[in-house]
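Residue numbers (the UniProt record's numbering): 1 to 100. Here is the structure we will look at.
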């Protein structure tokens, strides 16, 4: 881990689907931090300018569920007008909600 979470989360965009996919190592980066960094990248805004993640999901619970132990686990929720799906193996899908 580099000390700067934004360097530990890589985000790619698929123009055919309109979906952003972020990857992170769940052994070294908490899923909640990865969600915040991925969403900041997608929205092109500093992560400290976003609504707190805890307003929509318990970050500690998200971290426990998506800690790299069970590749079948995923958590899906809405955050900042985006559908977020976090998979336990270290991928995050970020899709803008139409009209959001």
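Beta carbons are placed, not taken as given, at the ideal position from N, Cα and C, and that holds for glycine. Treat the numbers as computed from the prediction; the structure is a model and nothing was measured.
Annotation for residue 52: no beta strand (DSSP E) segment contains it, and DSSP assigns it neither H nor E.
Per DSSP, residue 71 lies in no alpha helix (DSSP H) and is assigned neither H nor E. It is roughly 22 Å from the alpha-carbon of residue 76 to the alpha-carbon of residue 48. Using a Cβ distance threshold of 9 Å, residue 24 and residue 84 do not count as a contacting pair.
Put simply, the backbone Cα of residue 43 is about 11 Å away from that of residue 95.
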